[in-house]
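Counting from 289, one number per residue, gives the positions in the sequence shown under my numbering.
No residue lacks a Cβ here, since even glycine has one placed at the ideal position from N, Cα and C.
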Amino acid sequence: MAKVIFQRPKYLKENVFHYCPGCGHSIAHRLIAEVIEEMGIRGITIGVPPAGCAVLAYNYFDLDMIEAQHGRGPALATGLKRTLPDRFVFSYQGDGDLAAIGIAESFHAANRGENITVFFINNAVYGMTGGQMAPTTILEQRTTTTPAGRHKTLDGYPVKVCELLSQLPGVAYAQRCTLTSPAQVNKTKKAIRKAFQCQKDALGFSIVEILSPCPTNWKMSPIDACKWIDEVMSKEFPLDVFKDITPAAQKNTEAV
């Protein structure tokens with residue numbers, strides 16, 4: 289009899305994902321659901337889905353979900369956590385949702401050290417609305433609104449969210465990951481679990497930024513989209529732990 293070593297997470301519904309082939313949202317959903325299952329926190333977890341490609345996240349997670357207005361995920365998550373401090377509360381946001389219309393909510397929730405967790409999907413483009421330039425679009429990247437490529441003089445520079453937020457004293461944990469290989473997926477899962485653990489230990493604001501492929505708007509195959517992240521995007525957005533105040537991390541720092 290064959291041994292089952294891989295199956296659907298218990299807290300993902302049977303619904304078929306609406307995401308484009310090769311999109312990273314479905315993998316990110318799976319990882320979050322797996323961690324919630326492994327930590328045994330499903331009954332006390334509330335997710336806050338965004339506007340954008342993941343607007344239908346509540347159709348996939350089998351747990352309490354409350355949709356926020358565009359960009360207001362951290363504000364809604366703050367209210368939920370302050371009202372129900374025993375709950376695990378996370379917002380799930382794209383680059384336009386978090387770094388454009390929601391940059392104030394993101395910044396000030398982080399600065400206040402709100403004990404919430406943010407999962408930030410960075411695909412360097414506005415995915416749902418047609419592939420326009422996003423705050424995280426890199427220089428020279430072509431989009432529908434930058435057909436000649438993003439230019440620093442006209443369009444400014446890409447916003448580096450982890451680098452920005454990690455400077456704030458209220459942030460406990462900030463890490464950037466990706467989904468381009470099994471090894472990277474495993475690293476991302478560990479980061480997601482650590483972010484939830486920060487919340488469990490009441491350390492403050494935690495964020496996991498995930499570089500995610502968008503083959504449709506990048507006009508690439510899924511394989512080429514992953515290669516582009518590894519070879520181009522991750523040079524602009526380095527994969528790293530930008531802040532970690534957990535006891536284990538501090539102990540390792542002191543040992544060095």
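Which residue wins for smallest C-alpha separation from serine 379, given the options Asp350, Pro373, Ile332, Ala356? Ala356
Since proline 503 and proline 309 should fall inside the 8 Å C-beta cutoff, what is the C-beta to C-beta distance between them, to a whole number of angstroms? 7 Å
Restricting to Cα atoms, I'd like to know which of Arg464, Thr476, Gly458, Phe484 is closest to glutamate 451. Arg464
Please classify isoleucine 389: does DSSP put it in a helix, a strand, or coil? In the structure shown, isoleucine 389 adopts helical secondary structure according to DSSP, grouped into three states.
Please classify phenylalanine 484: does DSSP put it in a helix, a strand, or coil? helix
Could you have a look at tyrosine 348 and say whether DSSP puts it in helix, strand or coil? Tyrosine 348: coil per DSSP, three-state reduction.
Tell me whether the beta-carbon of alanine 490 lies closer than 7 Å to the beta-carbon of proline 501. no
As assigned by DSSP and simplified to three states, the class of phenylalanine 376: Phenylalanine 376: strand per DSSP, three-state reduction.
What does the alpha-carbon distance come out to for the pair glutamate 428 and isoleucine 334? 39 Å
Could you pull out every unbroken beta strand (DSSP E) segment of at least 3 residues lying fully inside the stretch 430-455, listed in chain order? none
Report the option in Asn347, Gln381, Pro373 whose CA atom is closest to the CA atom of proline 362. Gln381
Provide the residue span of the alpha helix (DSSP H) that contains threonine 371, from first to last. Here the alpha helix (DSSP H) through threonine 371 covers 361-371.
Rounded C-alpha distance that separates leucine 386 from arginine 360: 8 Å
Glutamate 355 lies in the alpha helix (DSSP H); which residues open and close that run? That residue, glutamate 355, is in no alpha helix (DSSP H); it is neither H nor E in DSSP.
Cα separation between isoleucine 426 and lysine 523? 10 Å
With H, G and I counted as helix, E and B as strand and the rest as coil, what does DSSP make of arginine 464? strand
Cβ-Cβ distance between tyrosine 346 and alanine 321 below 7 Å: no
Distance CB(aspartate 518)-CB(threonine 476) smaller than 7 Å: no
Cutting at 6 Å between CB atoms, please list the residues of its own chain near glycine 401, excluding the five before and the five after it. If we look at glycine 401 and ignore the five residues flanking it on each side, its Cβ neighbours are Gly458, Gly492, Phe493.
Tell me, please, whether the stretch 416-425 touches the stretch 362-378 by the rule of three or more beta-carbon pairs shorter than 8 Å. no
Could you have a look at glutamate 497 and say whether DSSP puts it in helix, strand or coil? strand
Local conformation of aspartate 489 per DSSP, three classes: coil
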